[in-house]
DNA sequence: CGGCAACTTGAAGGAAATCAACGTTAGTGG
DNA sequence: CCACTAACGTTGATTTCCTTCAAGTTGCCG
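Chains as they are written, first to last, in this note's numbering: chain P, -14 to 222; chain Z, -14 to 222.
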């Protein structure tokens, strides 16, 4: 259950030059108001099913409870750009205008709670603390987006991959998992479209890191971080 | 004077795949409250003077009234990344936590109005409409940052430059200026650090556009757009 | 076992970075 | 007003990294 006392994730640290992946607030809900409502309409999506498309009416705010969501945009030239990945506990679409600015697709079996926008608006009107929390959420997401932007603007393929893996590792640590064992729910294409690289470069970089003894890849979807120290070094550029 | 009725800039259109430059709200102020306060402490900065540094306490929100501000970050490896440019009417630091997540430098003579954060917090508490407006502002900036990110992830040097010039052109049009005459208050280094390119590439791309008859450069700081059609085409990728 | 999609690896090509030199502009002091 | 200087900008030659194109390989699911 969402607790009123749940605060925003204290680990978001815009000062560090890594970790652009969203690590958002758990428990943005205000008391049991949201809880009651959202319980009444849970939704489940199959792998590669779209939750919504860019331009769709953003009538609801989504909270991911299970699975991983890939936010993406399709360009006129046919290219695809992955904006972000959303994990359990993350909120989607909380600070958007009337329509969604990106599409969202389930990477595996995804479960979300749908929170109607009017409820959000009502809470903003009636509870200043809620508005402040949403604002903080938006500013955190902005900081993370800038981090990712910086990564794309200034870093090599190897550095981008290192940043990416460390972001996943960090998320694991924060959710009580093994920081040195990273599961990849997304394909190489997803990773490439997120990091601004081709699948070939993603694959080659994985191999290079493997050869260097920095990671191991027992399966294509499992990364074992063997040398976190070195990975951090590479992430710096 | 800031008017209560002033709404958010209707021209921000996240659907379009161009124009990542901030075109933010004029008149975020709530009635005359902010107006009264901010009038009392205007600040002026000389070219290349820093308004604040990354990590500084964000005690105030800044509204640019004159000149152009360059938001940037310095990386451990010595690289510099330009996050954004802020023009008259733009707000800086409205959605940031306790400390600034980037440094800000005046590109030319800059005048800003400093709005104390406690006042902002007070307005959020007491006026839901103000909170909603700030949230809208944050969501617009997020959309624009994503637009820029997409540009860095997926576009060629030429396309990035085209997008950049069109963004400046658009801003001109919206402020009643000549959309086909763009003044560049920033250096080639600034542009390069913003677009993730070297100064040489920026310069070469200017020359290429000039050779193609798409732009003219009567002075290094003045761009005349001769073929907006073609420039739009190039901006697509 | 077959078939297909995802992934890996190799070779060739290209776009931008780097290295290096030259030109241009603005600002300073004689 | 001109000479000098330093910062900024342009252009060329070379190198590097990533993309593209083209096979293979792996692994999953019927």
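Cβ atoms here follow ideal geometry from the backbone N, Cα and C, with glycine treated the same way. Small disclaimer: the values here were computed from a predicted structure and weren't measured.
* Taking all protein chains shown into account, decide if residue 158(P) is buried (16 or more other Cβ within 10 angstroms of its Cβ) or exposed. => As a first step, residue 158(P) must be located in the first chain, where it is residue number 173. Exposed.
* Taking the Cβ atom as the reference point for each residue, do residue 38(P) and residue 69(P) lie within a distance shorter than 9 Å? -> To locate residue 38(P), count along the first chain from 1; it is residue 53. To locate residue 69(P), count along the first chain from 1; it is residue 84. No.
* **For residue 66(P): DSSP bridge partner residues** => For the purposes of this step, residue 66(P) is taken as the residue at position 81 of the first chain. DSSP, once it has assigned bridges, lists 58(P) as partnering residue 66(P).
* **Minimum length 4: unbroken alpha helix (DSSP H) runs contained in the region 102 to 151 of chain Z** => 102 to 111 and 113 to 139
* Do we get a CB-CB distance below 9 Å when we pair residue 149(Z) with the residues of chain P? -> Within the second chain, numbered from 1, the residue matching residue 149(Z) stands at position 164. No - not a single Cβ of chain P is within 9 Å of the one on residue 149(Z).
* **Own chain residues within Cβ distance below 7 Å of residue 181(Z), not counting five before or after** => Working through the second chain from its first residue, we reach residue 181(Z) at position 196. So the qualifying residues of the chain are 137.
* Asked: From residue 154(P) to residue 92(P), what distance separates their C-alpha atoms?
  -> Here the question's residue 154(P) lines up with position 169 in the first chain. Here the question's residue 92(P) lines up with position 107 in the first chain. For residue 154(P) and residue 92(P), the distance between alpha carbons rounds to 18 Å.
* Shorter than 9 Å from the beta carbon of residue 86(Z) to some beta carbon of chain P? -> Looking up residue 86(Z) in the second chain gives position 101. Interface residue, yes.
* To do: Inspect the CB distances between the region 110 to 125 of chain P and the region 69 to 84 of chain Z and report whether three or more fall short of 8 Å.
  => yes
* Asked: Looking at the structure shown, is residue 79(Z) part of a helix, part of a strand, or coil, going by DSSP?
  -> Along the second chain, read from residue 1 onward, the residue named residue 79(Z) stands at position 94. DSSP places residue 79(Z) in coil when its eight states are reduced to three.
* Asked: Taking 9 Å as the CB-CB cut-off, is residue 159(P) touching chain Z?
  -> For the purposes of this step, residue 159(P) is taken as residue 174 along the first chain, with counting starting at 1. Not one chain Z Cβ lies under 9 Å of residue 159(P).
* Along the chain, where does the alpha helix (DSSP H) that runs through residue 199(P) open and close? -> To locate residue 199(P), count along the first chain from 1; it is residue 214. No alpha helix (DSSP H) holds residue 199(P); DSSP gives it neither H nor E.
* Asked: For the region 53 to 70 of chain Z, which residues have a CB atom closer than 7 Å to at least one CB atom of chain P, in sequence order?
  -> 58, 60, 61, 62, 64, 66 and 68
* Alpha carbon to alpha carbon, what distance is there between residue 57(P) and residue 207(Z)? -> Position 222 of the second chain, counted from the start, is the residue given in the question as residue 207(Z). Position 72 of the first chain, counted from the start, is the residue given in the question as residue 57(P). Using only the alpha carbons, I get a separation of about 36 Å.
* Asked: Does the separation of the CB atoms of residue 162(P) and residue 96(P) fall below 9 Å?
  -> Position 177 of the first chain, counted from the start, is the residue given in the question as residue 162(P). Position 111 of the first chain, counted from the start, is the residue given in the question as residue 96(P). No. Outside cutoff.
* Cut-off 6 Å between Cβ atoms - residues of its own chain near residue 194(Z), not counting five sequence neighbours on either side -> Along the second chain, read from residue 1 onward, the residue named residue 194(Z) stands at position 209. Closer than 6 Å at the Cβ level, and outside the excluded window around residue 194(Z), lie 200.
* So which of 32(P), 117(P) and 42(P) has the shortest CA-CA distance to residue 86(P)? -> In the first chain, the residue the question calls residue 86(P) occupies position 101. Of the listed residues, the one whose Cα sits closest to residue 86(P) is 42(P).
* Is the Cβ of residue 173(Z) closer than 9 Å to any Cβ of chain P? -> Taking the second chain and counting its residues from 1, one reaches residue 173(Z) at position 188. Not an interface residue.
* Helix, strand or coil: how does DSSP classify residue 178(P) here? -> Within the first chain, numbered from 1, the residue matching residue 178(P) stands at position 193. DSSP places residue 178(P) in helix when its eight states are reduced to three.
* Determine the closest residue to residue 66(P) out of 183(P), 178(P), 188(P) and 216(P), with distance taken between C-alpha atoms. => By one-based count along the first chain, residue 66(P) stands at place 81. Measuring from the Cα of residue 66(P), the nearest candidate turns out to be 178(P).
* To do: Check the Cβ of residue 124(P) against every Cβ in chain Z and list those closer than 7 Å, keeping chain order.
  => One-based indexing of the first chain puts residue 124(P) at position 139. Going along chain Z in sequence order, the residues near residue 124(P) (Cβ under 7 Å) are 80, 81, 82 and 123.
* **Nonlocal neighbours in the same chain, by C-beta distance under 6 Å from residue 120(P), ignoring five residues either side** => On the first chain, position 135 is the one that residue 120(P) refers to. Correct list: empty, nothing qualifies.
* Quick one: measure Cβ to Cβ for residue 220(Z) and residue 148(Z), integer angstroms, because I've assumed they're closer than 8 Å. => Locating residue 220(Z) in the second chain gives position 235, counting from the first residue. Locating residue 148(Z) in the second chain gives position 163, counting from the first residue. Indeed they touch by this definition, with Cβ atoms about 5 Å apart.
* Exposed unless 16 or more other CB atoms sit within 10 angstroms - verdict on residue 205(P) -> Position 220 of the first chain, counting from 1, holds the residue named residue 205(P). Per the 10 Å Cβ criterion, exposed.
* Asked: Using a Cβ-Cβ cut-off of 8 Å (strictly less than) and excluding sequence neighbours within five positions of residue 143(P), which residues of its own chain qualify?
  -> Here residue 143(P) refers to the residue found at position 158 of the first chain. Closer than 8 Å at the Cβ level, and outside the excluded window around residue 143(P), lie 190, 193, 194 and 219.
* Asked: Residues of chain Z with a CB under 8 Å from the CB of residue 217(P): which are they?
  -> Residue numbering aside, residue 217(P) sits at position 232 when the first chain is read from its first letter. In chain order: nothing, as chain Z lies at least about 11 Å away.
* Asked: Going by alpha carbons, who is nearest to residue 54(P) out of 139(P), 186(P), 84(P) and 74(P)?
  -> For this step, residue 54(P) is matched to residue 69 along the first chain. Of 139(P), 186(P), 84(P) and 74(P), the residue nearest in Cα terms is 74(P).
* Scan the region 129 to 145 of chain P for residues whose Cβ lies nearer than 8 Å to a Cβ of chain Z and list them as they occur along the chain. => 130, 131, 133, 134, 135, 137, 138 and 139
* Is the distance from the Cβ of residue 216(P) to the Cβ of residue 150(P) below 9 Å? -> Mapped onto the first chain, residue 216(P) falls at position 231. Mapped onto the first chain, residue 150(P) falls at position 165. In this structure, residue 150(P) lies closer than 9 Å to residue 216(P) by Cβ.
* Asked: Who are the Cβ neighbours of residue 31(Z) in its own chain at under 7 Å, not counting the five residues just before and after it?
  -> Working through the second chain from its first residue, we reach residue 31(Z) at position 46. So the list reads 91 and 94, once near-sequence residues are dropped.
* **CA-to-CA distance, residue 197(Z) to residue 72(P), given in whole angstroms** => Within the first chain, residue 72(P) is the residue found at index 87, counting from 1. Within the second chain, residue 197(Z) is the residue found at index 212, counting from 1. About 47 Å.
* **Residues that residue 222(P) contacts on chain Z, provided the C-beta gap is smaller than 9 Å** => Position 237 of the first chain holds residue 222(P). Neighbours of residue 222(P) on chain Z, chain order: 60, 61, 62 and 64.
* Please confirm if residue 110(P) has its CB atom under 9 Å from at least one CB of chain Z. => Reading the first chain from its first residue, position 125 is the one you call residue 110(P). Yes, because at least one Cβ of chain Z sits closer than 9 Å to the Cβ of residue 110(P).
* Give the single residue among 49(P), 152(P) and 146(P) whose Cα lies nearest to the Cα of residue 183(P). => Within the first chain, the letter at position 198 stands for residue 183(P). Measuring from the Cα of residue 183(P), the nearest candidate turns out to be 146(P).
* Asked: How should residue 15(Z) be labelled, buried or exposed, when 16 other C-beta atoms within 10 angstroms of its C-beta is the threshold for buried?
  -> Position 30 of the second chain, counted from the start, is the residue given in the question as residue 15(Z). Its pLDDT being 47, under 50, residue 15(Z) is placed unreliably in this model, and the value from its coordinates should be taken loosely. Under this definition residue 15(Z) is a buried residue.
* Under 8 Å between beta-carbons, which chain Z residues line up against residue 197(P)? List them in chain order, please. => As a first step, residue 197(P) must be located in the first chain, where it is residue number 212. Those within 8 Å of residue 197(P) in chain Z number zero; the least Cβ separation is about 20 Å.
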